[in-house]
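Protein chains in written order, with UniProt numbering: chain A, 1 to 227; chain B, 1 to 227.
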């Protein structure tokens with residue numbers, strides 16, 4: 001209902017825009033906030049795109065999420081971070097995350113595919129200058145690698161903070177895209193003798209390998225043995 | 001030696017350019033052709049960046065490699081493929097592939113990282129119009145999903161070929177970037193009580209799931225049971 005206090009709370013979905021409505025396979029698109037968050041949170045790296053001298057650049061980078069904001073960090077000398085600091089009001093970026101879940105082998109070459117979940121974020125990257133927001137962002141970046149880890153490590157000191165640039169990208173123009181399910185062969189191909197089906201990809205963790213110089217008595221923390 | 005016929009053969013490394021020499025961590029960069037090929041071939045999707053209306057777009061997509069050429073395909077209606085067909089002489093793109101190999105947990109938040117291998121390709125995407133090159137490219141795309149699979153599926157028919165656009169990007173301006181090895185903590189942090197080390201990521205395949213409508217007697221092919 002218009003005018004109620006509820007109207008300021010984020011809705012359950014991102015509003016679609018010209019850039020986030022796909023030209024094809026629109027049935028695979030989703031704007032669901034929870035789904036977008038889950039896809040983002042499961043990824044270790046994103047691919048950050050920006051324009052330099054008129055041509056596109058796509059770089060893999062770590063990121064963190066705090067609510068509806070993504071943070072990317074790096075050396076103050078790195079290109080996208082320096083360019084963000086120099087851009088006014090900010091640097092147009094596209095940040096994309098993809099999980100490959102299964103190989104989809106069809107009887108026809110044409111219908112080969114993969115099952116995947118991706119999120120594409122369009123937005124403007126802004127330099128984070130507020131020291132408190134910068135600390136929150138850096139904690140989120142570490143906790144994105146392993147949940148709870150920021151509390152079990154030495155926080156950044158002044159020198160490290162000064163050497164680190166952080167940029168923020170708000171989750172506003174966002175879409176997810178997914179392919180799930182089985183093989184979509186043409187009816188006339190079903191009798192062909194080629195094997196068809198899914199090859200699911202398995203992801204997991206191998207046994208953690210402690211640094212040789214660990215302080216005596218340092219044990220593997222629970223948040224790692226539970227992985 | 002200049003002037004010999006050998007000089008036309010590709011060298012073992014891509015020549016570095018302004019765009020492929022990183023502004024930092026230059027020791028992590030490599031231009032080795034074999035290494036670049038191996039990183040590309042191990043990836044199921046790449047992230048393709050291009051510029052649309054002045055802003056960056058990054059989309060995940062399947063790809064294939066034939067020697068020093070990458071191929072990306074899609075519906076003739078998809079944006080980057082349509083834009084390539086309309087661009088003269090072609091569409092500037094950046095194609096990036098990343099593997100995450102391990103989480104690197106340091107005693108200090110600052111030195112948290114990941115071990116990764118990435119390849120960044122800068123180039124111009126050209127529409128593939130030659131029918132023979134298009135077929136070769138489509139085979140490479142299927143064989144990139146599972147080696148040898150193109151021979152064990154129905155090839156694209158005329159209608160499917162007409163509905164599929166293929167673009168080519170030559171491997172010329174290319175770099176790999178890698179982080180390997182252990183934790184790089186500051187000497188004064190080594191006695192801290194925080195666990196530090198690597199958490200290697202494990203990747204593999206689950207048991208293939210056959211399509212319910214497989215023709216009677218269709219067995220799982222060797223190239224899948226060997227995965």
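From the three backbone atoms N, C-alpha and C, an ideal C-beta is built for every residue, glycine too.
Just so it is clear, the structure is predicted and the values come from calculations on it, not from any experiment.
- Along the segment 173 to 193 of chain A, going in chain order, the ones with a CB nearer than 8 Å to a CB of chain B are 182, 183, 185, 189, 190, 191, 192, 193.
- In this model, residue 119 of chain B and residue 36 of chain B are separated by some 6 Å (Cα to Cα).
- Proximity of chain A to residue 211 of chain B at the Cβ level (cut-off 7 Å) is accounted for by 182, 183, 196, 197, in chain order.
- Here DSSP, grouped into helix, strand and coil, assigns residue 99 of chain B to strand.
- Close to residue 107 of chain A, with beta-carbon spacing below 7 Å, are these residues of chain B in chain order: 153, 154.
- In this structure, residue 151 of chain B sits away from residue 107 of chain A, with a CB-CB distance that is not shorter than 8 Å.
- Distance from the Cα of residue 135 of chain B is smallest, within the candidate group B:115, B:156, B:56, for B:156.
- For residue 85 of chain A, the uninterrupted alpha helix (DSSP H) segment begins and ends at 79 to 86.
- With a cut-off of 8 Å on Cβ pairs, the segment 94 to 110 of chain B is not in contact with the segment 15 to 33 of chain A, counting fewer than three such pairs.
- According to the DSSP secondary-structure assignment, residue 112 of chain A is paired through a beta bridge with no residue.
- Taking CB atoms only, residue 93 of chain A has a neighbour in chain B less than 8 Å away.
- In this structure, residue 183 of chain B sits near residue 211 of chain A, with a CB-CB distance shorter than 8 Å.
- The way I'd put it, the segment 127 to 147 of chain A doesn't touch the segment 192 to 207 of chain A; fewer than three beta-carbon pairs between them come closer than 8 Å.
- Sixteen is the threshold: since fewer than 16 other Cβ atoms of the shown chains lie within 10 Å of the Cβ of residue 204 of chain B, the residue is exposed.
- The three-state reading of DSSP puts residue 153 of chain B in coil, since its state is none of H, G, I, E or B.
- Pairing residue 161 of chain A with residue 22 of chain B, the inter-Cα distance amounts to about 22 Å.
- A residue is called buried when at least 16 other Cβ atoms come within 10 angstroms of its Cβ; residue 206 of chain B does not meet this threshold and is exposed.
- With a beta-carbon spacing of about 5 Å, residue 58 of chain A and residue 49 of chain A fall inside the 8 Å limit used to define contacts.
- Here DSSP, grouped into helix, strand and coil, assigns residue 61 of chain B to strand.
- About 5 Å separates the Cβ atoms of residue 127 of chain B and residue 84 of chain B, confirming a contact at the 8 Å cut-off.
- Listed as beta-bridge partners of residue 173 of chain A by DSSP are A:122.
- Listed along chain B is no residue with a C-beta nearer than 7 Å to that of residue 89 of chain A; the closest approach is about 14 Å.
- Between the C-alpha atoms of residue 99 of chain A and residue 116 of chain A there is a straight-line separation of about 5 Å.
- Taken atom to atom, the span from the alpha-carbon of residue 14 of chain B to that of residue 174 of chain B is near 6 Å.
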